[in-house]
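All remarks here apply to the structure that follows.
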Amino acid sequence: MQQIALGIHYMHQNKVLHRDIKTQNIFLLGNGRLVLGDLGISKVLDGTMAFASTQIGTPYYMSPELFKNKPYNYKSDVWAAGCVLYELSTLKCVPINPRPPRGHPSSHHGVVTGMRLMHLL
0 MQQIALGIHY MHQNKVLHRD IKTQNIFLLG NGRLVLGDLG ISKVLDGTMA FASTQIGTPY
60 YMSPELFKNK PYNYKSDVWA AGCVLYELST LKCVPINPRP PRGHPSSHHG VVTGMRLMHL
120 L
């Protein structure tokens with residue numbers, strides 16, 4: 000995970016938002032290094048405080064902002080990396096449609112929020 004975090008950090012320092020971080024886009028090289036691939040939907044942002052607004056990516060790894068059609072930034076890549084870590088730890092994808100108890104504050108129409116993710120862990 001450290002190599003992936005360093006790759007994300009490098010991309011963000013260069014104002015690149017990956018937008019599709021998932022286990023299928025992490026590749027193991029012959030020398031044992033991990034690299035992030037498939038930059039086909041990545042986006043170069045104007046600055047470190049800039050936002051993107053196109054809803055794009057793989058649902059299991061999408062941040063709450065994307066599900067709500069709100070502007071998003073580099074934090075969405077960090078969210079996706081957290082989903083990758085969850086998947087590597089449990090050998091399951093983060094559930095995107097759990098049914099929390101009625102009236103639970105993290106109930107947002109099937110969107111996995113940070114609070115709900117903490118309950119899942």
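Numbering (numbering that gives the first Met the number 0), first residue to last: 0 to 120.
Where is the CB? At the ideal position from N, CA and C, for every residue including glycine.
Computed from a predicted structure; not experimentally measured.
- The DSSP-derived three-state label of Leu-27 is strand.
- If the five residues before and after Asp-37 are omitted, its C-beta is found closer than 7 Å to the C-beta atoms of Asp-19 and Asn-24, all from its own chain and listed in chain order.
- Leu-38 carries a coil assignment under DSSP once its states are collapsed to helix, strand and coil.
- The Cβ atoms of Gly-81 and Leu-35 do not sit closer than 7 Å to each other.
- Rounded to the nearest angstrom, the gap between the Cα atoms of Pro-94 and Val-77 is 17 Å.
- For the 7 Å CB-CB criterion, Tyr-85 and Lys-21 do not form a contact.
- Per DSSP, Ala-4 is one residue of the alpha helix (DSSP H) stretching across 1-12.
- A straight-line Cα-Cα distance of about 23 Å links Pro-58 and Leu-33.
- Annotated three-state conformation of Leu-84 is helix, per DSSP.
- In this structure Ser-75 touches Leu-65 by the C-beta definition: roughly 6 Å separates them, less than 8 Å.
- Per DSSP, the beta bridge partners of Ala-51 are Tyr-71.
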